[in-house]
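Mapping of the sequence shown onto this note's numbering: position 167 corresponds to residue 177, and the numbering continues sequentially without gaps.
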Amino acid sequence: MSHDIAVIGNGCAALSLAAKAEQLPDYHLTLIKPNGAPKSKDHVWGFWSDETLEDAVKLAKGTWHQWAIITPKKRTIMSSTSMPYNAIKRSDWTAHCQSLAQSSGVRIIDQEDWQMEDNSTVFDTRPPVVPDECILQHFHGLEIKTKTPVFEADTAILMDFRVDQSKGMHFIYLLPYSTTEALVESTIFSTELADEQFYLSTIDNYLAKYYDVEEYDITHRENGVIPLGKLAPHDVNIPGLGANGGATRPASGYAFLFIQRQISSAIKRVNAGKELTFSNPHKRLDLWMDSVLLTVLRHWPQHGPNLFSSMARTLTGDQFVKFLSGDAGWWIRLKVIFSMPKIPFLKALTKRAFTRKKVSTAVVA
Ligand SMILES: Cc1cc2nc3c(=O)[nH]c(=O)nc-3n(C[C@H](O)[C@H](O)[C@H](O)COP(=O)(O)OP(=O)(O)OC[C@H]3O[C@@H](n4cnc5c(N)ncnc54)[C@H](O)[C@@H]3O)c2cc1C
């Protein structure tokens, strides 16, 4: 029997699913371009190589087997032979997915033209609801070209904390595409956005101070805000997929890998004779560990640089990737726990327990 499936949205999750439509021969898929959606802006998705991401690795704009986490006191270099870090352009991935979707007969229509069939199932990829006081990962980035070679092209800088920490945990993310080209992003974790000029002058000062670069050409600009933590779905009556289905990893904002895994698991379940459904791709324990980490970063962001640097020094490159990709076992988790500064984590656990107690007392009252 054939099933009609409508997916609201035409972003990463909706198109990544549409690209796999030929693996769902019993389903007719339609993507609905939602009313009121902002114009899509290009940016890169960073991700570690994984078996679900072979197509994305082939289309990647850059691949790095080495990456660094830098604080004013320490520069930690990590590496992996089998699980490098990659960056893919959103436009390259969506074009790839669109062409596969088209050849499988997936329809992509405007919401005005959508007439829901009585027996169709709907999934929603519109963004989840962001609660007040939500902790946000917000950033502005520039792709630049310098006149002289200055970047170490074989090392991606995941976090360089040698920038102003007054507005929350703040770091530079630098992906060198060559010795003269890089994406340089100023990224902050906090509840308040900063003025655009703050991120841009951070980038300028950083390049001048650490690379001796005063002049550069800007080839592309990108910015974004990723809400972190537990988020309510866009519409409680429609099951979610992608960020709206809990795919964003709360402590890192990474979602690209988890969206692909969410889709692959759903296809596996269909092949095993089950209905098409999408589940949260994260393990409960990872979500809990992330929530404690976010409590620390929200209340004591000054510990952020040391916390990530310490994790990088404790884990091997492969272990670090496994932890961030949700593939850590007990040994890696214990190493992470023991690498963390104890006082802020104990304070975070106490604060969470106290907040929960206050909430349950309020409910009883
Ligand atoms: C700039 C940026 C950089 C990111 N970088 C990374 C990264 O490096 N690595 C990583 O793993 N993750 C990254 N993420 C997080 C995550 O991968 C992306 O947010 C990803 O696009 C989520 O896919 P999605 O399909 O759930 O949402 P989207 O791709 O955002 O699609 C959402 C759909 O909802 C529609 N929509 C949006 N707003 C509205 C609205 N108000 N009303 C109606 N419809 C709406 C859109 O048009 C689209 O159709 C990044 C996110 C952003 C914003």
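Each residue gets a CB set at the ideal place from its N, CA and C atoms; glycine is no exception.
- Within 7 Å of the C-beta of A192 there is not a single heavy atom belonging to ligand 1.
- For V246, the number of other beta carbons within 10 angstroms of its own is below 16, and it is reported as exposed.
- L238 places its beta carbon less than 8 Å from that of G263.
- Note that the segment 65 to 79 touches the segment 89 to 101; at least 3 beta-carbon pairs, one per stretch, sit closer than 8 Å.
- For R323, the number of other beta carbons within 10 angstroms of its own is below 16, and it is reported as exposed.
- Looking at the DSSP output, F181 bridges to T197.
- Taking the Cβ of Y220 as the reference point, every heavy atom of ligand 1 lies at 7 Å or farther away.
- Per the coordinates, the alpha-carbon of I79 lies some 42 Å from the alpha-carbon of T40.
- With a minimum length of 4 residues, there is no unbroken run of alpha helix (DSSP H) contained wholly in the segment 107 to 133.
- Spatial neighbours of Q272 in its own chain (CB-CB distance under 6 Å, excluding positions within 5 residues in sequence) are listed in chain order as A257, F288 and P291.
- Here V346 has M299, M321, T324, L325, F333 and A338 as same chain residues with Cβ atoms under 8 Å from its own Cβ, once five neighbours each way along the sequence are excluded.
- The C-alpha of P351 lies about 15 Å from the C-alpha of T360.
- Taking C-alpha positions only, E143 is separated from G283 by approximately 42 Å.
- The alpha-carbon of W310 is positioned some 15 Å away from that of D174.
- No Cβ-Cβ contact shorter than 8 Å links K219 with S200.
- Annotation: I236 to Q147 spans about 5 Å, alpha carbon to alpha carbon.
- Distance from the CA of S188 to the CA of A261, rounded to the nearest whole angstrom, comes to 29 Å.
- A253 counts as buried, since at least 16 other C-beta atoms from the protein chains shown sit within 10 angstroms of its C-beta.
- Per DSSP, the beta bridge partners of A166 are W77.
- Between T165 and I87 the beta-carbon gap is near 7 Å, inside 8 Å, which marks them as a contact.
- When C-beta atoms of the segment 101 to 113 are compared with those of the segment 192 to 211, fewer than three pairs fall below 8 Å, so the two segments do not count as touching.
- Counting along the chain, Q272 sits inside the alpha helix (DSSP H) bounded by residues F266 to N281.
- Here DSSP, grouped into helix, strand and coil, assigns E206 to helix.
- Distances from the CB of W58 to the heavy atoms of ligand 1 are all 7 Å or more.
- Here H150 is actually not in contact with R100; their C-beta atoms are around 16 Å apart, not less than 8 Å.
- Beta-bridge partners assigned by DSSP to Y221: none are found.
- In the three-state reduction of the DSSP assignment, T305 falls in the helix class.
- E285 sits in coil when the DSSP states are folded into three classes, being neither helix nor strand.
- Closest option to Q121, judged by alpha-carbon separation, among N129, R136 and C107: R136.
- Exclusion of F333 from the 7 Å shell around ligand 1 follows from its C-beta lying no nearer than that to any non-hydrogen atom of the ligand.
- Between S130 and A16, the C-beta gap is smaller than 8 Å, which places the two residues in contact.
- Distance check between S59 and each of P186, N233, A358 and D328 places D328 closest, using alpha-carbon atoms only.
- Residue environment for D123: exposed (fewer than 16 other C-beta atoms within 10 angstroms of its C-beta).
- Along the length of the segment 299 to 363, whole alpha helix (DSSP H) runs at least 4 residues long occupy 314 to 324, 327 to 334 and 340 to 349, reported in chain order.
- Excluding five sequence positions before and after E32, the CB atoms of its chain that fall closer than 7 Å to its own CB belong to S114, given in chain order.
- For L251, the CB contacts under 6 Å within the same chain, skipping 5 residues up- and downstream, are A23, F133, T135 and F288 in chain order.
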